[in-house]
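Peer 1: Numbers in this note's numbering are just positions in the sequence shown, counted from 1, shifted up by 115.
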Amino acid sequence: MMKVFTRPASLKKTPFRFCPGCGHSLIHRLIAEVIDSLGIRERCIGIAPVGCAVFAYDYFNFDILEVAHGRPPAAATGMKRILPDRIIFSYQGDGDLAAIGTAEIIHAANRGENITVFFVNNATYGMTGGQMAPTTLTGQKTTTTPKGRCFATEGHPLHVAELLVSIDAASFIARVAVDSGKNLAFAKKMIERAFRNQMEGKGFNLVEILSPCPTDWGLSPVAAVEWMRENMLEEYTLGVLKEKKGNAR
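If you want it as structure tokens, here you go:
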């Protein structure tokens, strides 16, 4: 019998301990599959911050550096400049990248650093208790906005990808989702493109990945996917938002 599905070599034989229905396990697998297909596992270094993203060191089967909350782009910058032959990527949640790490991501993009960033947007602070994140939707209830996010007091959801599109030195910006087979296939394609762009020296690459968080949303895994389709995909447009041709640095 021919084996058609197996664990990627870039994932350790460790069961995921993410909550049922969480998108992180899907995203980890997509990244691992792409790394395997590109044959770059021995060259990869991943950088993870505080939050659910921190567990990357338990699952990826290559070097992972854990850094302070919000600082992966800074660490990735230093790592890439010291080891330019390595493939450096950061794996960050929205509470990390879009809040405490806002300055880090903006200036890494503005410098055109030749790194790849995977930005997981589940519209909440996942690990720390479901507080409002910069990406939380208007009207969305969280532990710190029990009546729903209100523009008058908390402002609008922050559209990080669109913000980075406006930065001239940013080379490739895309937004994907992990809510369906079709969108998973598109997400994998964008992840591969972001890695290839770095391999070709094209500069700063970011893929924003919309992902469900059933636990903090207070929904079942199925209901969380439905909520994400009905709400997050309406707020955050999927697709390639920016792609420079040639060497953008």
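Where is the CB? At the ideal position from N, CA and C, for every residue including glycine.
So for glycine 216, helix, strand or coil by DSSP?
Peer 2: Sequence index remark: in the sequence shown, residue 216 carries index 101 (1-based). Of the three classes helix, strand and coil, the one that applies to glycine 216 here is coil, per DSSP.
Peer 1: May I ask you to list the residues that DSSP assigns as paired with lysine 357?
Peer 2: Counted from its first residue, the sequence shown places residue 357 at position 242. Ile288.
Peer 1: So, are the CB atoms of alanine 214 and alanine 189 less than 9 Å apart?
Peer 2: Position 99 of the sequence shown, counted from the start, is the residue given in the question as residue 214. Position 74 of the sequence shown, counted from the start, is the residue given in the question as residue 189. No.
Peer 1: Span of the alpha helix (DSSP H) holding serine 152?
Peer 2: Within the sequence shown, the letter at position 37 stands for residue 152. Residues 139-153.
Peer 1: Report the option in Met247, Phe301, Val232 whose CA atom is closest to the CA atom of phenylalanine 319.
Peer 2: Position 204 of the sequence shown, counted from the first residue, corresponds to residue 319. Nearest option by C-alpha distance: Val232.
Peer 1: How would you write the range of the alpha helix (DSSP H) that threonine 330 sits in, first residue to last?
Peer 2: On the sequence shown, residue 330 is found 215 positions in, with the first residue counted as 1. Element bounds for threonine 330: 329-332.
Peer 1: In chain order, what residues of the same chain lie with their CB nearer than 7 Å to the CB of histidine 271, ignoring the 5 residues before and after it?
Peer 2: In the sequence shown, counting from the first residue as 1, residue 271 sits at position 156. If we look at histidine 271 and ignore the five residues flanking it on each side, its Cβ neighbours are Thr253.
Peer 1: Answer with buried or exposed for methionine 117, where buried requires no fewer than 16 other C-beta atoms within 10 angstroms of its C-beta.
Peer 2: Here residue 117 refers to the residue found at position 2 when the sequence shown is read from its first residue. So methionine 117 counts as exposed.
Peer 1: Could you check the C-alpha separation between threonine 251 and lysine 127 for me, to the nearest Å?
Peer 2: Within the sequence shown, the letter at position 136 stands for residue 251. Within the sequence shown, the letter at position 12 stands for residue 127. So the alpha carbons of these two residues sit roughly 32 Å apart.
Peer 1: Below 8 Å, can you find three or more Cβ-Cβ pairs linking the segment 275-290 to the segment 125-140?
Peer 2: Verdict: no, contact absent.
Peer 1: Would you mind listing the beta strand (DSSP E) stretches within the segment 198-283 that are 3+ residues and don't spill past its ends, in chain order?
Peer 2: Counting only runs of 3 or more, we get 202-208, 231-236.
Peer 1: Could you please give the first and the last residue of the uninterrupted alpha helix (DSSP H) stretch that includes aspartate 294?
Peer 2: Within the sequence shown, residue 294 is the residue found at index 179, counting from 1. Taken as a continuous stretch (DSSP letters only), aspartate 294 belongs to no alpha helix (DSSP H), as it is neither H nor E.
Peer 1: Phenylalanine 234 and alanine 276: beta carbons closer than 9 Å?
Peer 2: Position 119 of the sequence shown, counted from the start, is the residue given in the question as residue 234. Position 161 of the sequence shown, counted from the start, is the residue given in the question as residue 276. Their beta carbons are under 9 Å apart, which means phenylalanine 234 touches alanine 276 by this criterion.
Peer 1: Straight-line CA distance for alanine 238 to isoleucine 197?
Peer 2: Against the sequence shown, residue 238 aligns to sequence position 123. Against the sequence shown, residue 197 aligns to sequence position 82. Between alanine 238 and isoleucine 197, the C-alpha separation is close to 34 Å.
Peer 1: List the endpoints of the continuous beta strand (DSSP E) containing alanine 163.
Peer 2: Residue 163 sits at position 48 when you count from the first residue of the sequence shown. Start and end: 159-163.
Peer 1: Can you give the Cα-Cα distance for asparagine 298 and glycine 193, rounded to whole angstroms?
Peer 2: Taking the sequence shown and counting its residues from 1, the one referred to as residue 298 is at position 183. Taking the sequence shown and counting its residues from 1, the one referred to as residue 193 is at position 78. Each residue's Cα considered, the two are about 33 Å apart.
Peer 1: From this set, Ile282, Leu356, Tyr240, Asn312, which residue's C-alpha is nearest valine 165's C-alpha?
Peer 2: One-based indexing of the sequence shown puts residue 165 at position 50. Comparing Cα-Cα distances from valine 165 to each of Ile282, Leu356, Tyr240, Asn312, the minimum goes to Tyr240.
Peer 1: Out of Met343, Val322, Ala338, Thr352, point me to the one whose CA is closest to phenylalanine 204's CA.
Peer 2: Position 89 of the sequence shown, counting from 1, holds the residue named residue 204. Among Met343, Val322, Ala338, Thr352, the Cα nearest to that of phenylalanine 204 is on Val322.
Peer 1: Just to confirm before moving on: does the CB-CB distance between isoleucine 324 and valine 149 stay below 9 Å?
Peer 2: Counting from 1 along the sequence shown, the entry for residue 324 is found at position 209. Counting from 1 along the sequence shown, the entry for residue 149 is found at position 34. Not in contact: isoleucine 324 and valine 149 (Cβ atoms no closer than 9 Å).
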